Every structure is written in C-alpha cells, then in structure tokens.
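Engineer: In the numbering used here, the protein residues as written are 647 to 980.
1. First and last residue of the alpha helix (DSSP H) that includes residue 960?
2. Return the first residue and the last residue of the alpha helix (DSSP H) that residue 932 is part of.
3. Which same chain residues, not among the five before or five after residue 656, have their C-beta less than 6 Å away from its C-beta?
4. Go through its chain and collect everything with a Cβ distance to residue 777's Cβ below 6 Å, but skip five positions before and after it.
5. My guess is that residue 588 and residue 958 are in contact by the Cβ rule of under 8 Å, so how many angstroms apart are they, rounded?
6. Grab me the residues of residue 847's own chain with a C-beta within less than 6 Å of its C-beta, minus the 5 sequence neighbours each way, in chain order.
7. Quick one: is residue 892 buried, meaning 16 or more other Cβ sit within 10 Å of its Cβ, or exposed?
8. Short of 6 Å in beta carbon distance, which residues of its chain neighbour residue 662, apart from the five on each side in sequence? Order them along the chain.
9. Between the Cα of residue 835 and the Cα atoms of 945, 934, 739, 747, which residue gives the shortest distance?
10. Please confirm if the stretch 946 to 955 is in contact with the stretch 763 to 770, defined as three or more CB-CB distances below 8 Å between the two stretches.
11. Quick check: residue 1062 and residue 906, are their CB atoms within less than 9 Å of each other?
12. Mind checking whether residue 718 and residue 744 have CB atoms under 9 Å apart?
13. Could you give the distance in angstroms between the alpha-carbon of residue 842 and the alpha-carbon of residue 970?
14. Can you tell me which of the three DSSP states residue 981 falls into?
15. How far does the beta strand (DSSP E) with residue 921 in it reach, from first residue to last?
16. For residue 706, count neighbouring C-beta atoms within 10 Å of its own C-beta (all shown protein chains included) and say buried if the count is 16 or more, exposed if not.
17. For residue 904, count the other beta carbons within 10 Å of its own beta carbon; 16 or more makes it buried, fewer makes it exposed. Which is it?
18. Identify the continuous alpha helix (DSSP H) that holds residue 880 and give its terminal residues.
19. Going by DSSP, name the residue or residues bridged to residue 995.
20. Which residue's Cα is closest to the Cα of residue 711: 800, 687, 934, 653?
21. So the alpha helix (DSSP H) residue 854 belongs to, where does it begin and stop?
22. For the candidate residues 660, 658, 668, 902, whose alpha-carbon lies nearest to that of residue 955?
23. Please report the straight-line C-alpha distance between residue 720 and residue 890, rounded to a whole angstrom.
24. Would you mind stating whether residue 849 and residue 822 have Cβ atoms separated by less than 9 Å?
Laid out in structure tokens, this is it:
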C-alpha cells in the first residue's frame, strides 16, 4: 500500500517554514507471516520539543536527520497482523508519527485496550503532555494542598492540565496565555482562578493580581520574561518545575537568562528541569488518576485539529504562532 510521509528537507533557521519540510510517497509492504503488524495511523501529534530535534546538536533525544522521515507520537489502528499480541482493529500508541502507515515487529508499540476517550486524547491529556503536567506539578513541583500555582503557556496541552490538576488538589491556579479568548477559556471553561494575556503589560503585577501573597509553584513552559517575573513573585521555599522555554526555541542568537536568580538563594527556591520519560515508573498512577478525572468531567481538554498528513508542517508551525488552544492534533482517515 502507498503511504505519505513527512521529511525534514532543510534545518529551520528561526521560525520554521513549510518549505523546510517535504512530503514523499513510499510503498508500505504487507506484514510477513513471522510476527509483523501493519498499522494505519489515525491521529498524530506535533509538540514544541520537536523544534529542538531539528537542530544539529547533541541533546537528551537524538536529532532529526535531513531527508529522513520525522518521528513523533501517534495513535494507529491495526489493519493486518500476523503478531499474536495485536489483532486487527486494535488501537496502538507508537513513536512513528509524521507518516500514514508503517509495518512493525511490535517493538515500541503499546496496545491501548479499551478506549475511555477518542484516540487523539491519548496523544494529549491521556498521553505525554498530560503526564508531563502530572509529574511536573505533583512529583517535581511537590504540590501541597492550599498552595498558589502559576503556569505559563496555560492554554496549551500541558499548561491547561497543570491548572486543572492544581484545582483538583484544592489549590489556586493562575495562568498566562496569548489572547483574550484563551484567557476566557482558562477561567470560564477550565476553572482557573485568575488568568491574563501576557501581551497586556507588567507580568509581575498580573501574577500578583491572582496570587497577592505570592506563588508556591511556578510551572514554566515559556522561560525568558515569564521566568524572571515568576522569580520575583515566589514565596519562600517555592518550587519551579522547568518544563519548557518556548519563547526561546526559534531564537537565532543566545537569549539572556533571568538576571534575578539571586532571589533563589535567600528565598530557598528549587528550580528543577525535568524530562517526562524519566518518570515512567509513575505511568500507572497517571493513567489511573487522569482517566478518572477526564471521565468524571473534573478535568476538561480541548484540541486544535488539522486534517491530513500534508498539514503536519502547518500544524507544527502553529505551535509557535499561538494557533492552538489545548493539544495540537493532526487527524488522518480512520
């Protein structure tokens, strides 16, 4: 069968462009009789961390190579199988996104079993972004009941879950976002106590409007000016889980760091970067809790959806232009 795939044609400089990618057609073979399985992807993810993989440098995850098919999270459906563990119709999670179909020996596939939500949710709130929020806030951030939480990029897939988990844990949730509509979504739809558009002015003043006595946990998705402002608003012994720095991912020159890190000494703050894959020992806890919260309606999620493999580059670029509310998803024909 024919399958369309997306490859990195050239390395982006600054903001990625559609021309940095190319779409190619390949022949996907039928699975052989010795235990292979043919997967047709139904939902694909694009995530900010992928931008770092497009740079030719060493990192915690190998970089993308030019003229090779990109990879990323995907939910697929088994359409042919000679593998004893995978039956036709099973939904599986893999890291072989950016393509319509592939053949696998079963290695790297995780069967989802009975779905409690649409397949795309397992790339978002019930997938890596949801787990990032869960372990970042509860394990790294060591959240305690009654505390004040500030999360930047709060209308994204991770940030929106962070704020809602804070509310479930009886804490106050404050979030920043990039438009008045996203601010409305945070407060009216997701139950944040306070949210603001970071374009509107003084960040510290807006943070303290929602947490007048300061914040205990700052979940950082943005870096830069947000991190600097949050440091000025931290309460003693506060924790800062450092998840991402999307404001800097497309910078073409070194970006100055916060100039107020000395605050961390006197206030005894903990700044800790983390990689979600190092917390796989908490996956069962995450799936149990998050599934319960989603199914019961205590935690809501939104997706911004593109359709068709050809729109993967546009969806990816949209992450950096504020086009998404919630998880950015590319759906293929099921």
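Don't be surprised by glycine CBs; every beta carbon is placed ideally from N, CA and C. Values in this document were obtained by computation on a predicted structure and should not be read as measured data.
Structural biologist: So, from the data block:
1. To locate residue 960, count along the chain shown from 1; it is residue 314. Here the alpha helix (DSSP H) through residue 960 covers 958 to 964.
2. Position 286 of the chain shown, counting from 1, holds the residue named residue 932. From DSSP, the alpha helix (DSSP H) with residue 932 extends over 929 to 942.
3. Residue numbering aside, residue 656 sits at position 10 when the chain shown is read from its first letter. So the qualifying residues of the chain are 666.
4. Counting from 1 along the chain shown, the entry for residue 777 is found at position 131. Answer for residue 777: 922, 932, listed in chain order.
5. Given a span of 647 to 980 for the chain in the structure shown, any question on residue 588 remains unanswerable.
6. Along the chain shown, one-based indexing puts residue 847 at 201. Excluding residues within five positions, none has a Cβ falling inside 6 Å.
7. Within the chain shown, the letter at position 246 stands for residue 892. By the 10 Å Cβ count, residue 892 comes out buried.
8. Reading the chain shown from its first residue, position 16 is the one you call residue 662. 963, listed in sequence order.
9. Your numbering for residue 835 matches position 189 in the chain shown. If we check each option's Cα against that of residue 835, 945 comes out closest.
10. yes
11. Past the boundaries of the shown model lies residue 1062; the chain is included only from 647 to 980, so the question cannot be answered.
12. Along the chain shown, read from residue 1 onward, the residue named residue 718 stands at position 72. Along the chain shown, read from residue 1 onward, the residue named residue 744 stands at position 98. Contact flag set, yes.
13. Taking the first residue of the chain shown as 1, we reach residue 842 at position 196. Taking the first residue of the chain shown as 1, we reach residue 970 at position 324. If you take the alpha carbons of residue 842 and residue 970, they lie about 17 Å apart.
14. This structure gives no information on residue 981, because the portion of the chain shown stretches from 647 to 980.
15. Looking up residue 921 in the chain shown gives position 275. Note, residue 921: premise wrong, no beta strand (DSSP E); not H, not E.
16. Taking the first residue of the chain shown as position 1, residue 706 is located at position 60. Exposed.
17. To locate residue 904, count along the chain shown from 1; it is residue 258. It is buried - the Cβ of residue 904 has at least 16 other Cβ atoms within 10 Å.
18. Here the question's residue 880 lines up with position 234 in the chain shown. No alpha helix (DSSP H) holds residue 880; the beta strand (DSSP E) holding it covers 880 to 888.
19. Any property of residue 995 remains undetermined from this structure, which presents the chain solely from 647 to 980.
20. Within the chain shown, residue 711 is the residue found at index 65, counting from 1. Cα-wise, what sits closest to residue 711 is 653.
21. Along the chain shown, read from residue 1 onward, the residue named residue 854 stands at position 208. 849 to 856 is the extent of the alpha helix (DSSP H) around residue 854.
22. Sequence index remark: in the chain shown, residue 955 carries index 309 (1-based). Answer by Cα proximity: 668.
23. Counting from 1 along the chain shown, the entry for residue 720 is found at position 74. Counting from 1 along the chain shown, the entry for residue 890 is found at position 244. Roughly 21 Å between the two C-alpha positions.
24. If you number the chain shown from 1, residue 849 lands on position 203. If you number the chain shown from 1, residue 822 lands on position 176. It is a contact, given that the beta carbons lie within the stated cut-off.
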